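Numbering (our numbering), first residue to last: 348 to 565.
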């Protein structure tokens, strides 16, 4: 995206508003991501998730899928850049999530992206620590879609199974599947599905099978 100073100024004005329109917020974060990608990529992903959750059921599927892809790609790119630059990659992410826990401020897909990136980099212990923190964050929330916790549990179960710890993974997988079976999961859960390969909800599995595809960042 080619920027001029006026676009950056416009984006900063939007971010200062109390309640900006969702699409304007997405556009502002897209602009600011080109200025400070390390700061704004996770915020862009959250704004895209909020935008998708606000769509009516009649929204074009291709448009929704494109926004979800953009969100997941932003998170994976950010997470891979983060683990490439630092040794203790999730301390600041964990700190931010613990602050969010107080106000139930959105899903912790940034922690999930860090876990995915760590495992891909061969750092399984750190990946497990990151996803266990995500589970703690989601369990501590008050009234939120339980499918978020379900996705985190399933990813943790997969990590344990890949380390030949199937016995420890079994109750997590059972709980995750039960939580994902509940109706009314937000569309933005598909961001996590793209990060991990987990279905956004069991109730929508038939309709979305073959449509929710994991993203790959090279």
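Even for Gly, the Cβ is constructed at its ideal location relative to N, Cα and C. From a predicted model like this one, the values you see are computed outputs, not experimental measurements.
Quick one, which of the options has its alpha-carbon nearest residue i's?
i, options, result
"residue 425", "387, 540, 470 and 376", "387"
"residue 372", "406, 398, 542 and 428", "398"
"residue 353", "370, 363 and 378", "378"
"residue 525", "472, 395, 498 and 358", "498"
"residue 370", "511, 405, 385 and 411", "411"
"residue 532", "457, 401, 355 and 364", "401"
"residue 457", "486, 420 and 472", "420"
"residue 383", "358, 528, 504 and 530", "358"
"residue 417", "403, 404 and 394", "394"
Could you tell me if residue i is buried or exposed, where buried requires 16 or more neighbouring beta carbons within 10 angstroms of its beta carbon?
i, result
"residue 413", "exposed"
"residue 481", "buried"
"residue 385", "exposed"
"residue 486", "exposed"
"residue 406", "exposed"
"residue 512", "exposed"
"residue 504", "buried"
"residue 527", "buried"
"residue 488", "buried"
Look at residue i and residue j and say whether their C-beta atoms are less than 9 Å apart.
i, j, result
"residue 390", "residue 376", "yes"
"residue 468", "residue 427", "yes"
"residue 455", "residue 495", "yes"
"residue 502", "residue 478", "yes"
"residue 463", "residue 380", "no"
"residue 474", "residue 506", "yes"
"residue 500", "residue 522", "yes"
"residue 535", "residue 396", "yes"
"residue 461", "residue 429", "yes"
"residue 471", "residue 510", "yes"
"residue 355", "residue 374", "no"
Three CB pairs or more closer than 8 Å across the stretch 514-526 and the stretch 534-541: Taking 8 Å as the limit for Cβ pairs, the verdict is that the stretch 534-541 does not touch the stretch 514-526.
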